[in-house]
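Participant: I'd like to ask some things about the structure below.
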Amino acid sequence: MKKLTQNLDKFWFADAPATRLATLRIIVGAYALYYLAPRYSMFIELAQSSPLQFEPVGVAGFLGAPLPVAVFQTLVILTLAANVAFLVGWRHRATGPAFALLLLFVLSYRNSWTMIFHSDNVLIWHVLILGVTRASDAFSLDAWRRDRTGSAPDATIHWRYGWAISLMCAVTVATYFLAGVAKLAGPDGLSWMTGEVMRSQLAVDNLRKELLTGEAPAAFGQLFNNVLLFAMMGVGTLVMELGAPLALANKWLGRFWSIFAFIGHWGIYVVMGITFRYQLYGVMFAPFFPVEVPVEWAISKVRPYFTRTETALPEQPVDGVKI
Numbered sequence: 016m017k018k019l020t021q022n023l024d025k026f027w028f029a030d031a032p033a034t035r036l037a038t039l040r041i042i043v044g045a046y047a048l049y050y051l052a053p054r055y056s057m058f059i060e061l062a063q064s065s066p067l068q069f070e071p072v073g074v075a076g077f078l079g080a081p082l083p084v085a086v087f088q089t090l091v092i093l094t095l096a097a098n099v100a101f102l103v104g105w106r107h108r109a110t111g112p113a114f115a116l117l118l119l120f121v122l123s124y125r126n127s128w129t130m131i132f133h134s135d136n137v138l139i140w141h142v143l144i145l146g147v148t149r150a151s152d153a154f155s156l157d158a159w160r161r162d163r164t165g166s167a168p169d170a171t172i173h174w175r176y177g178w179a180i181s182l183m184c185a186v187t188v189a190t191y192f193l194a195g196v197a198k199l200a201g202p203d204g205l206s207w208m209t210g211e212v213m214r215s216q217l218a219v220d221n222l223r224k225e226l227l228t229g230e231a232p233a234a235f236g237q238l239f240n241n242v243l244l245f246a247m248m249g250v251g252t253l254v255m256e257l258g259a260p261l262a263l264a265n266k267w268l269g270r271f272w273s274i275f276a277f278i279g280h281w282g283i284y285v286v287m288g289i290t291f292r293y294q295l296y297g298v299m300f301a302p303f304f305p306v307e308v309p310v311e312w313a314i315s316k317v318r319p320y321f322t323r324t325e326t327a328l329p330e331q332p333v334d335g336v337k338i
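Be aware that the sequence shown starts at 16, since it is given in this note's numbering, and climbs by one per residue.
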């Protein structure tokens, strides 16, 4: 029991640099802004749809009717503004939680009009975690202001940063593990390992794309008769999902699993044309890696150009004595 407790403590409260958590804030915040800003018009158009299409889900579930369009438009604008504040780390204690809650509501409201985009869930969880933790202790306007006033935190490496990163990793892993459990608990069960189930699902998805949009990935038609390949994909999917908790055992397993999952998502994109952007861009797996290293290296190369150097004055004699 003592060893188990020590291992849990080592995982959940491992020391980590403030710069790593801050870099994750920047990466996730930049992705969120990239995701939200181009969809502003689409969000407003959805809010103008017929109330008959409104089926509230998530935190929007308490609504008995759609919000006035002007109200929702204001919420979207506030979300974008909070997103920018989150990204640059401005007054994070207030803007971090505000952005997390606004994002949760806006995406829940969007899902209340159309299909539910489960791929948004991990983004929201990551923003929630970053929003309520000390993710602005470095690489932020807050940190810059604290440096100027001499009120910056004493420790740059501390468990206060490590536990938040561990929680982000755990959330990522949990989504995959639950997906694997759902596959086994479903009517197909272990049949996923034969490859026939996956091939049938991909065939239906590609047929739907061909009929509705005329655009289906060409790769699927070329691979359709290769049952062995689909069997390997089925086994690989179950191994990736059910084996996800092993990614929390140590950092190297976590990084190996992340790369495996990342490649898997690109395989899904090639064969099915499904764009899980948060996964395809690698943002979802960023907590498993020392993402601060390239940022710190870049800063070390740029800093000399912005650092004022004092020019030494020539030595002057005083009363005939050279000093």
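By construction, the Cβ of each residue, glycine as well, lies at the ideal position given by its N, Cα and C atoms. Every value quoted in this text rests on a predicted model; they were computed, and no experiment measured them.
When we look at the beta-carbon of Ala47 and count the other beta-carbons within 10 Å, is it buried (16 or more) or exposed?
Facilitator: In the sequence shown, counting from the first residue as 1, residue 47 sits at position 32. A buried status is given to Ala47, since no fewer than 16 other beta-carbon atoms sit within 10 Å of its beta-carbon.
Participant: Taking the Cβ atom as the reference point for each residue, do Arg149 and Tyr191 lie within a distance shorter than 9 Å?
Facilitator: Within the sequence shown, residue 149 is the residue found at index 134, counting from 1. Within the sequence shown, residue 191 is the residue found at index 176, counting from 1. No.
Participant: Can you check DSSP and say which residues form a bridge with Pro32?
Facilitator: Here residue 32 corresponds to residue number 17 of the sequence shown, with the count starting at 1. Bridge partners of Pro32: Ile172.
Participant: Inspect the CB distances between the segment 140-154 and the segment 176-189 and report whether three or more fall short of 8 Å.
Facilitator: yes
Participant: Mind reading off the beta-carbon distance from Val43 to Val298? Whole number of angstroms is fine, and I expect it under 8 Å.
Facilitator: Within the sequence shown, numbered from 1, the residue matching residue 43 stands at position 28. Within the sequence shown, numbered from 1, the residue matching residue 298 stands at position 283. Val43 to Val298, Cβ: 6 Å. Contact.
Participant: What are the boundary residues of the alpha helix (DSSP H) that includes Val142?
Facilitator: On the sequence shown, position 127 is the one that residue 142 refers to. Where Val142 is concerned, the enclosing alpha helix (DSSP H) starts and stops at 136-146.
Participant: Return the first residue and the last residue of the alpha helix (DSSP H) that Gly297 is part of.
Facilitator: Sequence index remark: in the sequence shown, residue 297 carries index 282 (1-based). Here Gly297 belongs to no alpha helix (DSSP H), and DSSP marks it neither H nor E.
Participant: Evaluate the contact criterion for the segment 62-76 versus the segment 121-128: three or more CB pairs, one atom per stretch, below 8 Å.
Facilitator: yes
Participant: What's the call for Gly76, buried or exposed, on a 16-neighbour Cβ count within 10 Å?
Facilitator: The residue given as residue 76 occupies position 61 in the sequence shown. Result: exposed.
Participant: Which residue marks the beginning of the alpha helix (DSSP H) containing Thr252, and which one marks its end?
Facilitator: If you number the sequence shown from 1, residue 252 lands on position 237. Here the alpha helix (DSSP H) through Thr252 covers 242-257.
Participant: Once DSSP output is grouped into helix, strand and coil, what is the label at Trp128?
Facilitator: The residue given as residue 128 occupies position 113 in the sequence shown. If DSSP states are grouped into helix, strand and coil, Trp128 belongs with coil.
Participant: Taking the straight line between their C-alpha atoms, what separation do you get for Ile139 and Ser206?
Facilitator: Residue numbering aside, residue 139 sits at position 124 when the sequence shown is read from its first letter. Residue numbering aside, residue 206 sits at position 191 when the sequence shown is read from its first letter. Between Ile139 and Ser206, the C-alpha separation is close to 32 Å.
Participant: Just the Cα atoms here: how many angstroms apart are Asn136 and Pro319?
Facilitator: Reading the sequence shown from its first residue, position 121 is the one you call residue 136. Reading the sequence shown from its first residue, position 304 is the one you call residue 319. Approximately 41 Å between the Cα atoms of the pair.
Participant: Determine the DSSP secondary structure at Gly204, reduced to helix, strand or coil.
Facilitator: For the purposes of this step, residue 204 is identified with residue 189 of the sequence shown, where counting begins at 1. It is helical.
Participant: Just verifying my parser: in three-state terms, what is the DSSP assignment at Asn221?
Facilitator: Here residue 221 refers to the residue found at position 206 of the sequence shown. In this structure, Asn221 counts as helix in the three-state DSSP scheme.
Participant: Check whether the segment 265-285 and the segment 100-114 are in contact - that is, three or more C-beta pairs closer than 8 Å.
Facilitator: no
Participant: Please go through the same chain and pick out, in chain order, the residues whose beta-carbon is closer than 6 Å to the beta-carbon of Ala259, but skip the five residues on each side of it.
Facilitator: For the purposes of this step, residue 259 is taken as the residue at position 244 of the sequence shown. Closer than 6 Å at Cβ, skipping near neighbours: Val188, Tyr191, Phe192.
Participant: In chain order, what residues of the same chain lie with their CB nearer than 7 Å to the CB of Met130, ignoring the 5 residues before and after it?
Facilitator: In the sequence shown, counting from the first residue as 1, residue 130 sits at position 115. Nothing listed; no residue qualifies.
Participant: Going by DSSP, what residue range makes up the alpha helix (DSSP H) through Gln88?
Facilitator: By one-based count along the sequence shown, residue 88 stands at place 73. First-last of the alpha helix (DSSP H) with Gln88: 84-103.
Participant: Helix or strand or just coil, what does DSSP make of Val336?
Facilitator: As a first step, residue 336 must be located in the sequence shown, where it is residue number 321. In this predicted model, Val336 has a pLDDT of only 49, less than 50, meaning its place in the structure is not dependable enough to derive any value.
Participant: Measuring CB to CB, does Leu117 end up less than 9 Å from Tyr55?
Facilitator: The residue given as residue 117 occupies position 102 in the sequence shown. The residue given as residue 55 occupies position 40 in the sequence shown. Their beta carbons are not under 9 Å apart, which means Leu117 does not touch Tyr55 by this criterion.
Participant: Nearest to Arg292 by CA position, among Tyr49, Leu244, Ala29, is which residue?
Facilitator: Here residue 292 refers to the residue found at position 277 of the sequence shown. Residue Tyr49 is the option with its Cα nearest to Arg292.
Participant: For Ile92, count the other beta carbons within 10 Å of its own beta carbon; 16 or more makes it buried, fewer makes it exposed. Which is it?
Facilitator: Taking the first residue of the sequence shown as 1, we reach residue 92 at position 77. With fewer than 16 other Cβ atoms within 10 Å, it is exposed.
Participant: Based on Cα-Cα distance, which residue from His173, Ser273, Arg214 lies nearest to Leu244?
Facilitator: One-based indexing of the sequence shown puts residue 244 at position 229. Of the candidates His173, Ser273, Arg214, the one whose C-alpha sits nearest the C-alpha of Leu244 is Arg214.
Participant: Can the beta-carbon of Ala37 be found closer than 9 Å to that of Ala153?
Facilitator: On the sequence shown, position 22 is the one that residue 37 refers to. On the sequence shown, position 138 is the one that residue 153 refers to. Yes, they are a contact pair.
Participant: Between which two residues does the alpha helix (DSSP H) harbouring Arg270 extend?
Facilitator: For the purposes of this step, residue 270 is taken as residue 255 along the sequence shown, with counting starting at 1. Segment 266-287, the alpha helix (DSSP H) holding Arg270.
Participant: Please check the pair Ile289 and Ile283, which I expect to be a contact at CB under 8 Å, by giving their CB distance rounded to whole angstroms.
Facilitator: Residue mapping note: residue 289 aligns to position 274 of the sequence shown, counting from 1. Residue mapping note: residue 283 aligns to position 268 of the sequence shown, counting from 1. The Cβ separation is near 6 Å, so the contact holds.
Participant: In terms of residue numbering, what span does the alpha helix (DSSP H) encompassing Asp157 cover?
Facilitator: The residue labelled residue 157 in the question sits at position 142 within the sequence shown. Counting along the chain, the alpha helix (DSSP H) containing Asp157 begins and ends at 156-164.
Participant: Within the continuous alpha helix (DSSP H) that includes Glu60, where are the two ends?
Facilitator: Your numbering for residue 60 matches position 45 in the sequence shown. Unbroken alpha helix (DSSP H) run through Glu60: 55-62.
Participant: Roughly how many angstroms separate the alpha carbons of Leu217 and Trp159, rounded to a whole number?
Facilitator: Looking up residue 217 in the sequence shown gives position 202. Looking up residue 159 in the sequence shown gives position 144. Their backbone Cα atoms lie some 50 Å apart in a straight line.
Participant: Taking Cβ positions, are Leu199 and Leu261 nearer each other than 9 Å?
Facilitator: To locate residue 199, count along the sequence shown from 1; it is residue 184. To locate residue 261, count along the sequence shown from 1; it is residue 246. Their beta carbons are not under 9 Å apart, which means Leu199 does not touch Leu261 by this criterion.
Participant: If Arg40 and Val306 are in contact, beta carbons under 8 Å, what's the gap, nearest whole angstrom?
Facilitator: Stepping through the sequence shown from its first residue, residue 40 is reached at position 25. Stepping through the sequence shown from its first residue, residue 306 is reached at position 291. So it is not a contact: roughly 11 Å between Cβ atoms.
Participant: I need the straight-line Cα distance from Pro83 to Asp157, nearest angstrom please.
Facilitator: Numbered from 1 along the sequence shown, position 68 holds the residue referred to as residue 83. Numbered from 1 along the sequence shown, position 142 holds the residue referred to as residue 157. Near 35 Å, if we compare the C-alpha coordinates of Asp157 and Pro83.
Participant: Please state whether the Cβ-Cβ distance between Phe101 and Thr89 is less than 9 Å.
Facilitator: As a working note, residue 101 is residue 86 in the sequence shown. As a working note, residue 89 is residue 74 in the sequence shown. In this structure, Thr89 does not lie closer than 9 Å to Phe101 by Cβ.
Participant: Would you identify the three-state DSSP class for Phe303, choosing helix, strand or coil?
Facilitator: On the sequence shown, position 288 is the one that residue 303 refers to. Phe303: helix per DSSP, three-state reduction.
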